[in-house]
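*Asks:* Take a look at this one; I'll ask things after.
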Amino acid sequence: MLGVETLPAILYFFALRFVPESPRWLAMRGRDDEALQIMERLSGPEQARVALQEVHDSISAESNKQRLPIGQLFRPAMKLVMTIGISVAVLQQITGINAVFFYAPMIFEQSGIGTDASFMQAVLVGLVNLVFTIIAMALIDRLGRRPLLVFGLSGIAISMLTLSYGFASATYTLSERAIDALPMEIERQLVAPLTDISFDSDIDFRHAVSNAIGSDSYKQYESQLVSAAIAMNPALILFGILGFVASFAVSLGPVMWVLFSELFPNTLRGLAISFVGLINSAVSFGVQLIFPWELENLGNAGTFFIYGIFAVIGLVFVMRVLPETRGRSLEELEHLLVRTDVQAKK
Numbered sequence: 000m001l002g003v004e005t006l007p008a009i010l011y012f013f014a015l016r017f018v019p020e021s022p023r024w025l026a027m028r029g030r031d032d033e034a035l036q037i038m039e040r041l042s043g044p045e046q047a048r049v050a051l052q053e054v055h056d057s058i059s060a061e062s063n064k065q066r067l068p069i070g071q072l073f074r075p076a077m078k079l080v081m082t083i084g085i086s087v088a089v090l091q092q093i094t095g096i097n098a099v100f101f102y103a104p105m106i107f108e109q110s111g112i113g114t115d116a117s118f119m120q121a122v123l124v125g126l127v128n129l130v131f132t133i134i135a136m137a138l139i140d141r142l143g144r145r146p147l148l149v150f151g152l153s154g155i156a157i158s159m160l161t162l163s164y165g166f167a168s169a170t171y172t173l174s175e176r177a178i179d180a181l182p183m184e185i186e187r188q189l190v191a192p193l194t195d196i197s198f199d200s201d202i203d204f205r206h207a208v209s210n211a212i213g214s215d216s217y218k219q220y221e222s223q224l225v226s227a228a229i230a231m232n233p234a235l236i237l238f239g240i241l242g243f244v245a246s247f248a249v250s251l252g253p254v255m256w257v258l259f260s261e262l263f264p265n266t267l268r269g270l271a272i273s274f275v276g277l278i279n280s281a282v283s284f285g286v287q288l289i290f291p292w293e294l295e296n297l298g299n300a301g302t303f304f305i306y307g308i309f310a311v312i313g314l315v316f317v318m319r320v321l322p323e324t325r326g327r328s329l330e331e332l333e334h335l336l337v338r339t340d341v342q343a344k345k
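According to numbering that gives the first Met the number 0, the sequence shown is numbered sequentially starting from 0.
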């Protein structure tokens with residue numbers, strides 16, 4: 000299982016031979032002809048020459064500047080661009096993508112389909128992520144970054160609210176027949192008092208059964224107990240999860256990193272990307288850490304409802320604040336997003 004991961008790494012290594020150098024890097028080393036050839040692949044000869052001159056002007060302006068400390072990220076002139084960068088970094092993770100990826104089998108088990116089926120559907124999640132990431136690669140320069148984010152966040156919000164509705168509408172009832180089908184290790188006389196009692200919440204069902212048979216026993220046989228008791232539409236849960244993954248893969252997943260390479264000014268780009276990348280990883284850690292706690296204390300419906308609300312907030316932010324970066328040079332974006340010292344004082 001671990002060794003097979005060597006194959007894509009080898010493929011990536013050889014594929015790097017076909018990746019062109021950055022025109023800016025080539026221009027910094029006096030290799031203008033090579034830089035111009037690469038720029039002409041993306042635009043016409045005239046536009047490529049203009050862009051190359053802008054790059055040289057930018058390099059000349061930066062040549063006398065020293066390496067800047069991290070405090071430069073928080074000066075007033077950087078307020079807008081850092082707000083956008085940090086917001087997108089947080090938004091990518093706080094909508095729950097890694098919780099879904101890492102806990103997909105657990106989520107599917109909560110819909111009552113059983114352990115084996117839950118692992119097979121988790122594989123389907125990975126395939127959907129792959130397909131829609133490729134679609135994003137094909138569309139990101141045709142449609143632009145902002146439209147993809149608006150479309151993707153809309154899909155994320157709809158999918159998460161669908162998941163919330165699906166789990167909120169579920170009921171849990173252990174009939175006599177269901178109890179008879181439970182593993183023999185579960186003592187029937189302990190479960191008998193719960194016969195034909197309906198629960199509208201997974202939290203209430205969990206507490207009732209845990210009190211009856213013990214929390215350790217419940218955790219050991221949770222999948223079988225939920226499968227025996229739940230009444231819901233598992234197809235709705237599958238639709239919500241796959242819709243969420245597809246929406247993320249076509250938007251926040253790849254678009255965030257493209258935006259980071261375009262938003263920040265040249266002198267601070269490396270430092271700024273490292274900083275917002277750190278925030279992105281920290282939020283990812285937090286989401287994964289508290290996800291099991293959320294399921295236990297807020298329930299499935301409450302957890303996914305929160306993720307859906309975060310997606311709605313992110314959608315409003317993108318529509319109101321985020322500019323389109325497609326087709327704009329780094330110098331143009333810097334002029335648009337980073338205020339001059341005079342503007343900052345005003």
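Ideal placement from N, C-alpha and C gives every residue a C-beta, glycine not left out.
Which residue from L10, E4, T94 puts its Cα closest to that of G285?
*Replies:* Here the question's residue 285 lines up with position 286 in the sequence shown. Considering only alpha carbons, the answer is T94.
*Asks:* Can you tell which of P192, F309, R145, A180 has its C-alpha closest to the C-alpha of L90?
*Replies:* Within the sequence shown, numbered from 1, the residue matching residue 90 stands at position 91. Nearest option by C-alpha distance: F309.
*Asks:* If I measure Cβ to Cβ from N69 and keep anything under 8 Å in the same chain, skipping five residues before and after, which residues do I get?
*Replies:* Position 70 of the sequence shown, counted from the first residue, corresponds to residue 69. As written in the sequence, residue 69 is Ile, which differs from the Asn given in the question. The answer, listed in chain order, is L270, F274.
*Asks:* Is the distance from the Cβ of P253 to the Cβ of I139 below 8 Å?
*Replies:* Residue 253 sits at position 254 when you count from the first residue of the sequence shown. Residue 139 sits at position 140 when you count from the first residue of the sequence shown. Yes, the pair counts as a contact, with Cβ atoms nearer than the cut-off.
*Asks:* Between which two residues does the beta strand (DSSP E) harbouring Y171 extend?
*Replies:* Position 172 of the sequence shown, counted from the start, is the residue given in the question as residue 171. From DSSP, the beta strand (DSSP E) with Y171 extends over 170-172.
*Asks:* Give me the residue from V127, I9, Y220, A137 with the minimum Cα distance to G239.
*Replies:* Here the question's residue 239 lines up with position 240 in the sequence shown. Nearest C-alpha to G239: V127.
*Asks:* Pull the bridge partners of T132 from the DSSP assignment, please.
*Replies:* For the purposes of this step, residue 132 is identified with residue 133 of the sequence shown, where counting begins at 1. Partner(s): none; T132 has no beta bridge.
*Asks:* Report the start-end ranges of each beta strand (DSSP E) in the region 6-57 that is 3 residues or longer and not cut off at the edges.
*Replies:* Within the region 6-57, no complete beta strand (DSSP E) run reaches 3 residues.
*Asks:* Output yes or no for whether 8 Å exceeds the beta carbon distance between L314 and V149.
*Replies:* Here residue 314 corresponds to residue number 315 of the sequence shown, with the count starting at 1. Here residue 149 corresponds to residue number 150 of the sequence shown, with the count starting at 1. Result yes, Cβ atoms of L314 and V149 sit closer than 8 Å.
*Asks:* With DSSP as the reference, please indicate the residues paired to F274 in a beta bridge.
*Replies:* As a working mapping, residue 274 is identified with position 275 in the sequence shown. For F274, which the question treats as bridged, DSSP gives no partner whatsoever.
*Asks:* Taking 8 Å as the threshold (beta carbon to beta carbon), is R30 in contact with chain B?
*Replies:* Included in the structure is just one protein chain, with no chain B present.
*Asks:* Are the beta-carbon atoms belonging to A248 and A156 less than 8 Å from one another?
*Replies:* The residue you call residue 248 lines up with position 249 of the sequence shown. The residue you call residue 156 lines up with position 157 of the sequence shown. Their beta carbons are not under 8 Å apart, which means A248 does not touch A156 by this criterion.
*Asks:* Closer than 6 Å by C-beta to A169: which residues in its own chain qualify, once you throw out the five before and the five after it? Chain order, please.
*Replies:* Within the sequence shown, residue 169 is the residue found at index 170, counting from 1. So the qualifying residues of the chain are I229, M231.
*Asks:* Would you list the one or two residues that DSSP bridges to T194?
*Replies:* Position 195 of the sequence shown holds residue 194. Note: T194 sits in a beta bridge opposite L173.
*Asks:* Assign A191 to one of two classes, buried (16 or more other C-beta atoms within 10 Å of its C-beta) or exposed (fewer than that).
*Replies:* For the purposes of this step, residue 191 is taken as residue 192 along the sequence shown, with counting starting at 1. Answer is exposed; the Cβ neighbour count stays below 16.
*Asks:* Straight-line CA distance for F206 to Y220?
*Replies:* Your numbering for residue 206 matches position 207 in the sequence shown. Your numbering for residue 220 matches position 221 in the sequence shown. Correcting the residue identity first, residue 206 is His in this sequence and not Phe. Between H206 and Y220, the C-alpha separation is close to 14 Å.
*Asks:* Per DSSP, which one or two residues make a beta bridge with A230?
*Replies:* By 1-based counting over the sequence shown, the position of residue 230 is 231. DSSP output for A230 lists T170 as bridge partner(s).
*Asks:* So, are the CB atoms of F105 and Y306 less than 8 Å apart?
*Replies:* For the purposes of this step, residue 105 is taken as the residue at position 106 of the sequence shown. For the purposes of this step, residue 306 is taken as the residue at position 307 of the sequence shown. Phe is not the amino acid found at residue 105; the sequence shown has Met there. Not a contact, by the Cβ cut-off of 8 Å.
*Asks:* Could you tell me the distance, in whole angstroms, from the CA atom of A245 to the CA atom of F100?
*Replies:* Here residue 245 corresponds to residue number 246 of the sequence shown, with the count starting at 1. Here residue 100 corresponds to residue number 101 of the sequence shown, with the count starting at 1. Each residue's Cα considered, the two are about 12 Å apart.
*Asks:* Quick one: residues in its chain with C-beta nearer than 6 Å to the C-beta of E39, no 5 flanking neighbours on either side, listed in chain order?
*Replies:* Here the question's residue 39 lines up with position 40 in the sequence shown. Excluding positions up to five away in sequence, the list reads A47.
*Asks:* Would you report the Cα separation of R16 and D32, rounded to the nearest angstrom?
*Replies:* Reading the sequence shown from its first residue, position 17 is the one you call residue 16. Reading the sequence shown from its first residue, position 33 is the one you call residue 32. Rounded to the nearest angstrom, the two C-alpha atoms are 19 Å apart.
*Asks:* At which residues does the alpha helix (DSSP H) containing I212 begin and terminate?
*Replies:* Position 213 of the sequence shown, counted from the first residue, corresponds to residue 212. 201-212 is the span of the alpha helix (DSSP H), which, as asked, contains I212.
*Asks:* Would you tell me roughly how many angstroms separate the C-alpha atoms of S214 and P233, rounded to the nearest one?
*Replies:* Along the sequence shown, read from residue 1 onward, the residue named residue 214 stands at position 215. Along the sequence shown, read from residue 1 onward, the residue named residue 233 stands at position 234. Approximately 25 Å between the Cα atoms of the pair.
*Asks:* Could you have a look at R144 and say whether DSSP puts it in helix, strand or coil?
*Replies:* Start at 1 with the first residue of the sequence shown, and residue 144 comes out as number 145. Three-state result, R144: helix.
*Asks:* With C-beta atoms as the reference, is F107 less than 8 Å away from A121?
*Replies:* On the sequence shown, residue 107 is found 108 positions in, with the first residue counted as 1. On the sequence shown, residue 121 is found 122 positions in, with the first residue counted as 1. Yes, the Cβ-Cβ distance between F107 and A121 is below 8 Å.
*Asks:* To the nearest angstrom, report how far apart L25 and A34 are at their CA atoms.
*Replies:* As a working note, residue 25 is residue 26 in the sequence shown. As a working note, residue 34 is residue 35 in the sequence shown. Cα to Cα, L25 sits roughly 6 Å from A34.
*Asks:* Excluding sequence positions up to five away, which residues of its chain have a Cβ less than 6 Å from the Cβ of A14?
*Replies:* Taking the sequence shown and counting its residues from 1, the one referred to as residue 14 is at position 15. Nothing meets the Cβ criterion.
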